Structure formats: C-alpha cells, structure tokens
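> Take a look at the following structure, please.
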Amino acid sequence: MKDTIISSTGISKHFGKLKALDKVELNLKAGAILGLIGPNGAGKTTLLYALLGLTNFKGDLEVLGKDPRRERATLLEEVCSIPDTAVLPRWMTIKQLFDYVAGIHPRFNRNRAYELLARTEITPQRLIKQLSKGMIVQLHLALVMSIDARLLILDEPTLGLDILFRKQFFEQLLTDFYDEQRTIIISTHQVDEVEHILTDIMFIKSGQKVLESSMQGIGERYLELRTSGNASEKASQLPWLGQRSLLGGKAFIFDGIARQQLEGLGDLHTPSLADLFVAVMGREK
C-alpha cells in the first residue's frame with residue numbers, strides 16, 4: 037500500500053467573518069498528482085499555506101506524518117514549493133544562488149541543478165535580474181527539482197507565461213521530477229493544460245470542497261452528451277448537471293446516469309475538467 041502523504045480533517049481558517057477554509061478534508065497517497073481547482077478567492081492558496089506551515093488553522097493535518105504548525109522546519113526538508121510569484125534575489129548570479137541553497141538545504145544537489153539548466157539559455161554567471169519571467173520559472177523549477185523532496189506544491193506556477201514555456205514546464209516536471217513515490221499538488225487556472233497529467237482533482241469554492249475525485253472516478257461518474265434536434269429536447273428532460281450550446285446543438289453533462297439511458301441520443305464522452313468545473317460551479321450557485 038502506498039504511503040499517505042497528506043491526511044487532514046476539518047481544516048478551517050477564518051479572517052474575521054470570511055471563511056477562507058471551511059472544514060476542508062484532503063487525503064493524498066504517494067504518487068498522486070492533484071489538481072487544486074477553483075475561482076479566485078476560493079481558498080486554494082490558503083490551503084497550500086496550511087500544508088506548508090505558513091498559516092495557522094483549526095483542525096487536524098499531517099503532511100508526511102508531521103504537523104506543519106509545530107514541525108515546519110523538519111517538514112520543509114522533504115517539501116518544495118513554487119508560489120504564484122516566484123521571487124528570487126535579483127542581485128545574485130545563478131552560481132551565487134546555488135551556493136546559497138547548497139548551504140541551507142541538506143538535500144540540494146548542485147550538479148543536478150546545473151544539468152537541468154544546461155538545457156536552457158541560463159548560464160551560471162548571469163544575474164537573476166537579467167532573466168525573463170519565463171527563465172525565472174525555469175530557474176525556480178531547476179532548484180526545486182534538484183532537492184530530494186517527496187512533495188512538490190505548485191501555486192499557479194506558469195501564470196503569465198506563454199504557451200511554449202507552459203508546455204515545457206509540465207513536460208520537464210513529469211520527465212525530471214515525478215515518480216511513484218513523489219507527490220505533486222498543482223493549483224492552476226489553466227485546467228486544460230494539466231488535465232492529462234493529473235491523477236486526482238479537487239474543486240474548491242468559498243473555502244469549501246465541492247468535489248474530490250480520482251481522474252478514473254470522473255470517467256466512471258460523469259458523462260457528456262453532444263446532441264441536436266429532437267434528441268436534444270429529450271436529453272433536456274433528463275436531470276442534467278450542466279449544459280452549453282454547440283454549433284448546431286447542445287452538450288449536456290450528467291452525473292451518475294447510466295450510459296444506456298443516453299445511448300442513441302448523440303455522442304457520449306467523458307467531459308473535460310474545464311467543462312465539468314463550469315457545470316459543478318453552476319450547480320453550486
């Protein structure tokens with residue numbers, strides 16, 4: 037049985053009357069790649085901060101068997117993160133940055149970091165302030181992938197990058213970091229770009245968990261029907277979760293309806309995460 041990486045019960049965090057997190061539960065096994073998906077202000081970053089021991093909260097939480105509130109220093113020997121704003125000391129050269137990280141982190145492998153940067157245009161003598169935003173993200177990724185960590189937490193890691201950098205980022209993440217004993221949590225708005233690498237998803241809204249499932253479970257539970265004409269009218273009479281217009285027809289998403297009930301009404305697919313997210317959030321309204 038795979039190790040439990042995260043185990044939590046009733047994580048809550050309030051800022052006055054605002055419930056940033058409201059009794060959220062999250063349980064994750066080693067080897068999972070979790071997509072944490074929600075609108076702005078949903079509580080995603082607050083949840084990640086709780087996992088990293090960067091904020092106090094109510095409830096029970098263990099990350100790698102440790103309580104982030106009391107054992108943060110020990111925990112961070114095995115956890116790495118890239119925040120939504122990847123800030124590095126701009127006055128340093130790349131070499132100076134690696135010297136610094138090697139001095140403070142016992143699991144940092146300097147040679148591996150240089151190997152990863154060899155595939156980019158970033159050289160050891162360049163100043164960080166001379167790097168583009170895309171290069172900064174590449175450098176930050178090389179740093180965290182050169183640390184022997186069991187858990188990697190990414191908060192909107194490719195925000196503001198062009199599509200080429202985003203594609204390269206996730207390809208490198210899978211190729212050079214991920215294995216069955218390492219776990220990744222990705223908070224992102226670019227759902228379509230990470231859907232193919234996720235093993236699990238969590239939808240969160242207004243501090244509450246709206247949906248948690250494995251990707252396999254999504255395919256078993258939800259169906260999207262693309263239909264037109266009279267068949268569209270028949271489909272609309274069934275209890276659908278969400279619908280949207282298509283060129284010449286409509287697409288309906290159904291929750292828990294047997295495939296046999298929908299066969300003959302149109303084309304059946306597993307809905308994309310983006311379309312499922314819109315449908316679920318629309319239901320929550």
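Last residue of the sequence shown: 321 in the numbering used here, with the numbers rising by one and none dropped. C-beta: ideal position from N, C-alpha, C; glycine also. These numbers come from a predicted model, not from an experiment.
Look at leucine 338 and isoleucine 130 and say whether their C-beta atoms are less than 8 Å apart.
With the chain covering only 37 through 321, there is no way to say anything about residue 338.
> If you compare alpha carbons, which of Ile183, Ala185 and Phe206 is closest to threonine 11?
The question about residue 11 has no answer here: the residues shown for the chain are numbered 37 through 321.
> For tyrosine 150, which residues from the same chain have a beta carbon less than 8 Å from its beta carbon, with the 5 sequence-adjacent residues on both sides left out?
For this step, residue 150 is matched to residue 114 along the sequence shown. Closer than 8 Å at the Cβ level, and outside the excluded window around tyrosine 150, lie Phe134 and Pro160.
> What's the C-alpha gap between arginine 319 and alanine 185?
Counting from one through the sequence shown, the residue named residue 319 turns up at place 283. Counting from one through the sequence shown, the residue named residue 185 turns up at place 149. Our two residues, arginine 319 and alanine 185, have alpha carbons roughly 38 Å apart in a direct line.
> Kindly list the residues whose CB is nearer than 8 Å to the CB of glutamate 210, restricted to its own chain and excluding five residues on each side of it in sequence; keep chain order.
Residue 210 sits at position 174 when you count from the first residue of the sequence shown. One detail in the question is off: residue 210 reads as leucine in this sequence, not glutamate. So the qualifying residues of the chain are Ile233.
> Tell me which residue opens and which closes the beta strand (DSSP E) that serine 250 is part of.
Locating residue 250 in the sequence shown gives position 214, counting from the first residue. It spans 244-250 - the beta strand (DSSP E) in which serine 250 sits, taken as one unbroken run.
> Could you tell me the alpha carbon to alpha carbon distance between serine 48 and leucine 298, rounded to whole angstroms?
Within the sequence shown, the letter at position 12 stands for residue 48. Within the sequence shown, the letter at position 262 stands for residue 298. Serine 48 and leucine 298: Cα-Cα distance of roughly 40 Å.
> Which ranges does the alpha helix (DSSP H) cover as unbroken runs of at least 4 residues, wholly within the stretch 167-197, from first to last along the chain?
169-181
> Within its chain, find whatever has a CB closer than 6 Å to the CB of glutamate 248; leave out the 5 residues flanking it on each side and keep chain order.
By one-based count along the sequence shown, residue 248 stands at place 212. Sequence-distant Cβ neighbours of glutamate 248 in its own chain, meaning closer than 6 Å and more than five residues away, are Met238.
> As a quick exercise: from Ala178, Ser308, Phe213 and Ala271, pick the residue whose alpha carbon is nearest that of glutamine 226.
Stepping through the sequence shown from its first residue, residue 226 is reached at position 190. Nearest C-alpha to glutamine 226: Ser308.
> Going by DSSP, what residue range makes up the beta strand (DSSP E) through glycine 46?
By 1-based counting over the sequence shown, the position of residue 46 is 10. DSSP places glycine 46 inside the beta strand (DSSP E), whose first and last residues are 40-51.
> Counting along the chain, where does the beta strand (DSSP E) carrying asparagine 63 start and finish?
By one-based count along the sequence shown, residue 63 stands at place 27. Residues 63-65.
> Between which two residues does the beta strand (DSSP E) carrying glutamine 279 extend?
Here residue 279 is taken as the residue at index 243 of the sequence shown, counted from 1. Here the beta strand (DSSP E) through glutamine 279 covers 278-282.
> Would you decide whether proline 142 is buried or exposed? Buried here means 16 or more other CB atoms lie within 10 Å of its CB.
In the sequence shown, the residue the question calls residue 142 occupies position 106. It counts as exposed.
> How is valine 99 classed by DSSP in three states: helix, strand or coil?
Working through the sequence shown from its first residue, we reach residue 99 at position 63. Here valine 99 sits in strand by DSSP.
> Comparing alpha-carbon positions, which option in Ser242, Glu157 and Leu90 lies nearest leucine 54?
For the purposes of this step, residue 54 is taken as residue 18 along the sequence shown, with counting starting at 1. Selected option, being the one with the closest Cα: Ser242.
> Please state if the CB of glycine 292 and the CB of leucine 261 are separated by a distance shorter than 8 Å.
Along the sequence shown, read from residue 1 onward, the residue named residue 261 stands at position 225. Along the sequence shown, read from residue 1 onward, the residue named residue 292 stands at position 256. No, these two residues do not count as a Cβ contact at 8 Å.
> Between Ser223, Gly74, Ile183 and Thr110, which has its C-alpha nearest glutamate 213's C-alpha?
Walking along the sequence shown from the start, residue 213 turns up at place 177. Sequence check: residue 213 is phenylalanine here, not glutamate. Of the candidates Ser223, Gly74, Ile183 and Thr110, the one whose C-alpha sits nearest the C-alpha of phenylalanine 213 is Ile183.
> For the candidate residues Asn266, Ser44, Ala68 and Gly77, whose alpha-carbon lies nearest to that of alanine 56?
Within the sequence shown, numbered from 1, the residue matching residue 56 stands at position 20. Among Asn266, Ser44, Ala68 and Gly77, the Cα nearest to that of alanine 56 belongs to Gly77.
> Alpha carbon to alpha carbon, what distance is there between glycine 285 and glycine 265?
In the sequence shown, counting from the first residue as 1, residue 265 sits at position 229. In the sequence shown, counting from the first residue as 1, residue 285 sits at position 249. Answer to the nearest angstrom: the Cα atoms are 7 Å apart.
> Nearest to glutamate 229 by alpha carbon, out of Leu200, Phe51, Ala66 and Gly253?
The residue given as residue 229 occupies position 193 in the sequence shown. Selected option, being the one with the closest Cα: Leu200.
> Use the C-beta contact count for phenylalanine 51: other C-beta atoms within 10 angstroms, 16 or more gives buried, fewer gives exposed.
To locate residue 51, count along the sequence shown from 1; it is residue 15. Phenylalanine 51 comes out exposed.
> Just verifying my parser: in three-state terms, what is the DSSP assignment at histidine 232?
Taking the first residue of the sequence shown as 1, we reach residue 232 at position 196. In the structure shown, histidine 232 sits in a helix (DSSP, three-state: H, G or I).
> On a CA-only basis, which of Glu216, Ala315 and Glu107 is nearest valine 88? Give me that one, please.
Translated into the one-based positions of the sequence shown, residue 88 becomes position 52. Position check: residue 88 holds leucine in this sequence, whereas valine was assumed. For leucine 88, the nearest C-alpha among the options comes from Glu107.
> By a C-beta neighbour count over all protein chains shown, 10 Å radius and 16 as the cutoff for buried, is aspartate 236 buried or exposed?
Within the sequence shown, numbered from 1, the residue matching residue 236 stands at position 200. Aspartate 236 comes out buried.
> Can you check which of these residues, Met171, Cys116 and Lys165, is closest to arginine 126 by C-alpha distance?
As a first step, residue 126 is located in the sequence shown; it is residue number 90 there, counting from the start. Answer by Cα proximity: Lys165.
> With 16 other CB atoms within 10 Å as the buried threshold, where does threonine 263 fall?
Here the question's residue 263 lines up with position 227 in the sequence shown. Burial call: buried.
> Using a threshold of 8 Å, state whether the C-beta atoms of leucine 197 and valine 180 are closer than that.
The count along the sequence shown starts at 1 and reaches residue 197 at position 161. The count along the sequence shown starts at 1 and reaches residue 180 at position 144. No, they are not a contact pair.
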